[in-house]
Each structure stands twice: as structure tokens, then as C-alpha cells.
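Quick notes on the structure that follows.
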Amino acid sequence: ASTEKKAIGRFGSSVKIDFLIEEVDPADYEGIFFVGGLGSLDFMENKSAQNLTEKFIKQDKVIGAICAAPRVLLYWGVLENEMCTGHNWDGEFPALCRQSGAIWKNEDVIISGNFVTANGPESSENFALTFLERCAEKK
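Numbering (our numbering), first residue to last: 54 to 192.
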């Protein structure tokens, strides 16, 4: 049996990974970053990812999500009383925010507490730089 850890993508491609999500210790990092795309919605039911995110929150770490990924944070309820943005391809993002107690802002990048969210690919550079700046402030 192989002991190699690998991730298999939606279309069958695979990549070697260094560790499993359950092996991540938030103390080793300044933040956690969720990339977007519709595949990110698969994390909604991923309890390991949710638990890890909650550990990052408890340790006052930076949480980033772009494009579709902020919907995952909304689903988990961790954006309650926080401002956020995300891709609104279906016109439902503002309603999802209201349902989860978050405050939707129609802007490219939003910083709210330790959360950094962005609305999509066009904001990716600004989002990444903002996320890194927030992480640097935590050091």
C-alpha cells in the first residue's frame, strides 16, 4: 500500500501533498486562505476544514476567502456581524449574507476584523496583497 499523500482534483489530476488538513497546527501560521471557484463550495460540508477555520479564529489568525469561497464561511456561520464580499454570479450573495448575519458590501476587497474577503478573479492581486499585509501585522 502506498503511504504517499495526494490530492485528486475534480477532473482527475493529482498532486502530492505535504500534510492533511487534520495535521495543520494554526500556531504555525499567521492565517488561512480559501481560494474560490465553484469547487470551493465542496468545503461547506467538510468538518475538518470548518474545525480548522474555527481554531484559526480562536487563535486570532487572519482568515481569507475569495470569489465563491466566502459562501463557505457564510455557511459555517463564522462571518456573523462581519462585513464581507464575494462573487455574486447568481445574485444570491447579499441574501446569503443577511441569512447568516453578515453585512454584504459590494466592493472588491473587504477587511473586517481578521477576515479578508474578495469578490473574484479581478480582485485576486489586491486580495492576496491585503491578506499578506494583515498576516504581517499579526507577527
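Ideal Cβ placement from N, Cα and C applies to all residues, glycine included.
Computed from a predicted structure; not experimentally measured.
Coil, strand or helix - residue i by DSSP
i: G65; result: coil
i: K191; result: helix
i: F72; result: coil
i: G92; result: helix
Residue of the options minimising C-alpha distance to residue i
i: D81; options: E98, Q112, K58; result: Q112
i: F87; options: W142, G173, G65, F64; result: G173
i: S153; options: V169, N159, G166, P123; result: P123
i: H140; options: N134, G90, V68, W129; result: G90
i: E133; options: N99, T183, S165; result: S165
i: E135; options: G117, G144, W157, A118; result: W157
i: W142; options: E98, L73, C120; result: C120
i: F96; options: S176, E178, N167, W129; result: W129
Expected contact under 8 Å - CB spacing of residue i and residue j to nearest Å
i: I94; j: V131; result: The sequence as given places Leu at residue 94; Ile does not occur at that position. That pair is no contact at about 16 Å.
i: K192; j: V115; result: With 8 Å as the limit, K192 and V115 do not qualify as a contact, their Cβ atoms being about 11 Å apart.
i: A155; j: L127; result: 6 Å
i: F109; j: I85; result: 5 Å
i: G92; j: F184; result: 20 Å between Cβ atoms; not a contact.
Touch test, the segment 67-82 against the segment 94-105, Cβ-Cβ under 8 Å, three pairs minimum
yes
Could I get the ranges of all uninterrupted beta strand (DSSP E) runs contained in the segment 95-161, with 3 residues as the minimum, in chain order?
115-119
Contact the segment 132-151 vs the segment 59-72: 3+ CB pairs below 8 Å:
no
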